[in-house]
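Each residue of the sequence shown is one higher than the one before, starting from 116 at the first, in our numbering. C-beta atoms are modelled at their ideal positions from N, C-alpha and C, and glycine is treated no differently.
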Amino acid sequence: MNTDIENLFKDKVLGHPAGLFVLFFTEMWERFSFYGMRVLLVNFLTMAAIGYNPGWEWTVENAGALFGTYAMLLYITPIIGGWLADKYTGYRNAVIIGSLIMTAGHASMAIETEFSLYFGLFLLVIGTGFFKPTMTSIISDMYKKNPEKKDGAYTIYYMGVNAGAFFGMMLCGYLAEKVGWAYGFGLAGVFMLLGTIQFWLSGPLFGKIGAKPAKAIEVDTVEASTSEAPKVAVEDEEERPNPFTTLDKVLIIISSVIGLGYAINDPMSKIAGIDMFSFFQIGDFEGQYTAVLFALVLFLILVIGRILRYTAVVRDRMIAFIIFAFFTVFFWMSFEQGASSLVIFARDNVDRMLSGSAATIFNVINTLLTVIPLIIISYVLVILWKKTFTKIPGSNIVLVICFLFMWGIVGWMLNRDFNTVAYDVTYSAIKTADVDASGKQKVDADGKLQFLYIPVSENTKVDANHEIVTRTTSIAEPLTFNVGDKLHIAPKNNDGTEFGFLDAERLEATKEQAVILNRDNGVVAATVTHVRDKEVEITVSWFSILNSFFIIVFASFFSKWWESKYNPSAATKYALGLSIMGLGFGLLAFGAAGIVDGVKVSMIWLILAYLFHTLGELCLSPVGLSYVSKLVPGRMIALMFGMWYLAIAIGNKLAAVLGGQIENITKEYSLSTFFLIFTIVPVIAGLLIFFLNPVLKKLMHGVR
């Protein structure tokens, strides 16, 4: 293997072996597909079943339950996948196996049937289990003889992660929202497949690196940690053996089975009405939550029991680690609202329409935001081609195909937005009083009576008692219409206040869907009355790319901060991360305060929220896994890695469950109240861990 490593370092790209950039692109396409699908799922599931771009019209609560289980399992299966790669498949084979399974998962989701959706998500969970833990293991093997360059290698690698997330959410989201959901899900699968092929064809470049299972498991974070690593290793040698007892194994099995059962039961009970834990119900408290609390108690008994068997110093350090893991749950519970409630908020409550000069400015900014990174990454591809084409020509050709395809989609997207024009159109509507729960007609802030205007569709039965009025709305399309043209339009959002043009294909599909569901097709006859200015509707998914963008912008600043003499303690980083993220939700709560039905919030509040969420992530994320190797003895590392990922999994599940309550809380209280929950909880958690700083320092016994 040493010969293979030396050969890798002969062909360098930007000071690193060319193989690193093969991994960069492999991870980029995998993250492209993962985040491209992720940003669509809740939006698709909750979109109205009849309209311009119909979805499945699930409640946000049900969609959150399904997505939460999916997100939770994504952090569980890599524990098993990493073990299989170590023992049987080898790292490179595990990447290929995982990638092929994920490709099949994306293809299944593009079919858009209920079975294909569930099966697709199942395949994505299994595929991620193989893929996720093995890529970094290959990098670890590559840099064994050059540990001083490993930090730089991981920086480049994680730029691939963020580049893939950025373009995946942008392009899959755009295709899904502008053309159709199947196109977005399908694009994710196409790039996953191409990424798999380019990695498979790059095998000759790596030789035996990652090809065979390692004889002994080597934990990368121990190598990558600071000068404390040898100290931990020495203490580990002196630590007495602590084998798993029969009771430990029983507790692990019971808590794991109940935890997995809850993950499956939660969406199943909400969507299908099948509840495996109904016999545990206590009053109004759901049985599945009783079972989970019981499993949590068993797991705590397991962990505490094992910790108590160690010497005082090791025991204290592991307690410190568990405290960090506990607060990790609160961070991800709030941060991962970006996949559920913030998607719904961006769709239903944010003003995403820009006209005239504002539209032009956005298009210019969006072009720079998209094209500049793509040029930089394409330049890296050119260098890689020059260095490796003779060794791995097939891999390079597939990469070029990927980039030509992506450049084509980017060009189409930007051209479409630059050429989208707004048109005023009129349609007939039934005017009726807007009444409250008591039957009394509502009034606005000025005391004026409120009315509802129900569009007259092809299926609407109008009688003499209806007051028919003419209403004007705006549609924005990259098409040319003239004043007087007759069009068919349909609602674009769930509350029927925005409309889109139905071409012949969409018109036919809408009518067919209405027949299947035995419902009004919502197709409204309209007439163009005025050609207005350039206009662009920012997609819901566009806001999700801001996290990746802000990471790329600010990551180097935070890296230099952590390397300086002003590097704060781990607890302070946690406190900053939680509090800054809470502040982001506070801005959303402020922006949403006092809004009434039909009023949209300025997008600036959502942009600022993503900025603060990212700054919080950059404060907290470096603390995580690095402290496993620093605080935990070697023979406990596997269990504690699992516990750390379990904390993240629980945070993801809680995020989706709580995010699914956005409509219920907004209806009962207000949208501002919903965001205040995610303001107050992280800030309190941040203050708690800040005040625990002296205690944590004592427990860590000199580890920084």
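Closer than 6 angstroms by C-beta to Thr644: which residues in its own chain qualify, once you throw out the five before and the five after it? Chain order, please.
Asp539, Thr541
From Leu423 to Met815, what distance separates their C-alpha atoms?
16 angstroms
Answer yes or no: does any C-beta atom of chain D fall closer than 8 angstroms to that of Gly151?
The displayed structure is made up of one protein chain only, and chain D is not part of it.
What is the DSSP secondary structure of His645, counted as helix, strand or coil?
strand
Identify whether Val598 lies in helix, strand or coil by the three-state DSSP scheme.
coil
Note down, in chain order, each residue of its chain lying with its Cβ closer than 6 angstroms to the Cβ of Glu613, except the 5 sequence neighbours on either side.
Lys607
Looking at Leu489 and Tyr272, is the spacing between their C-beta atoms short of 8 angstroms?
Not closer than 8 angstroms, so no.
For a test of the three-state rule: what should DSSP assign to Asn808, helix, strand or coil?
In this structure, Asn808 counts as helix in the three-state DSSP scheme.
Can you tell me which of the three DSSP states Ala690 falls into?
helix
Assuming Phe460 and Val796 are in contact, meaning their beta carbons sit under 8 angstroms apart, how far apart are those beta carbons, in whole angstroms?
No, Phe460 and Val796 are not in contact; Cβ-Cβ is about 18 angstroms, not under 8 angstroms.
Of the residues Val210, Ile667, Val558, the one placed nearest Ser824, counting alpha carbons only
The shown model of the chain, from 116 to 819, leaves out residue 824, and the question about it has no answer.
Which partner residues does Ile165 have in the DSSP bridge list?
Its beta-bridge partners do not exist; DSSP assigns none.
Assess contact between the stretch 654-671 and the stretch 277-290, defined as three or more Cβ pairs (one per stretch) separated by less than 8 angstroms. Is contact present?
yes
Own chain, CB closer than 8 angstroms to Leu807, minus 5 neighbours either side, in chain order
Ile438, Ala686
What does a CB cutoff of less than 8 angstroms around Thr642 pick up in its chain, not counting 5 residues either side in sequence?
Val540, Thr541, Tyr542, Gly599, Asp600, Lys601, Leu602
Member of Tyr298, Glu172, Gly244 whose CA lies at the smallest distance from the CA of Ile226
Tyr298
How is Leu483 classed by DSSP in three states: helix, strand or coil?
helix
List the endpoints of the continuous beta strand (DSSP E) containing Ala186.
That residue, Ala186, is in no beta strand (DSSP E); its alpha helix (DSSP H) goes 175-189.
Can you tell me whether Leu791 is helix, strand or coil according to DSSP?
DSSP, reduced to helix, strand and coil, places Leu791 within a helical segment of the structure shown.
Buried or exposed: which applies to Arg432, given that a residue is buried once 16 or more other Cβ atoms fall within 10 Å of its Cβ?
So Arg432 ends up on the buried side.
Nearest-angstrom Cα separation, counted from Ala619 out to Ala605:
13 angstroms
Any idea what DSSP makes of Met152, helix, strand or coil?
helix
Quick check on the DSSP output: the alpha helix (DSSP H) that includes Thr625 runs from which residue to which?
619-632
For Val349, count the other beta carbons within 10 Å of its own beta carbon; 16 or more makes it buried, fewer makes it exposed. Which is it?
Low confidence applies to Val349: its pLDDT is 38, below 50, so where it sits in the model is not reliable, and the reading given next is rough at best. Flag for Val349 reads exposed.
For Thr405 and Val372, what's the separation of their Cα atoms in angstroms?
14 angstroms
How would you label Phe783, buried or exposed, when you count the other beta carbons within 10 angstroms and need 16 or more for buried?
One detail in the question is off: residue 783 reads as Glu in this sequence, not Phe. Exposed.
With the cut-off set at 8 angstroms, would you say Thr115 and Lys768 are in Cβ contact?
Since the first residue shown for the chain is 116 and the last is 819, residue 115 is missing from the structure and cannot be characterised.
Grab me the residues of Ala339's own chain with a C-beta within less than 7 angstroms of its C-beta, minus the 5 sequence neighbours each way, in chain order.
Because Ala339 carries a pLDDT of 35, less than 50, the predicted location of this residue cannot be relied on, and the following value inherits that uncertainty. Same-chain partners within the cutoff: Lys265.
Thinking just about the alpha-carbon of each residue, which of Asn580, Gln628, Arg586 is nearest to the one in Pro169?
Gln628
Secondary structure at Leu514, three-state DSSP: helix, strand or coil?
helix
Figure out for me which residue from Pro382, Phe414, Gly130 has the closest Cα to the Cα of Ile368.
Phe414
Helix or strand or just coil, what does DSSP make of Lys259?
coil
CB Gln776 to CB Ser510, shorter than 8 angstroms?
No.
Could you check which residue in Asn609, Phe793, Leu519 has the C-alpha nearest to that of Gly766?
Phe793
Is the Cβ-Cβ distance between Trp578 and Gln565 less than 8 angstroms?
The sequence as given places Asp at residue 578; Trp does not occur at that position. Cβ distance not < 8 angstroms, so Asp578 and Gln565 don't count as in contact.
Reducing DSSP to helix, strand and coil, say where Lys563 ends up.
coil
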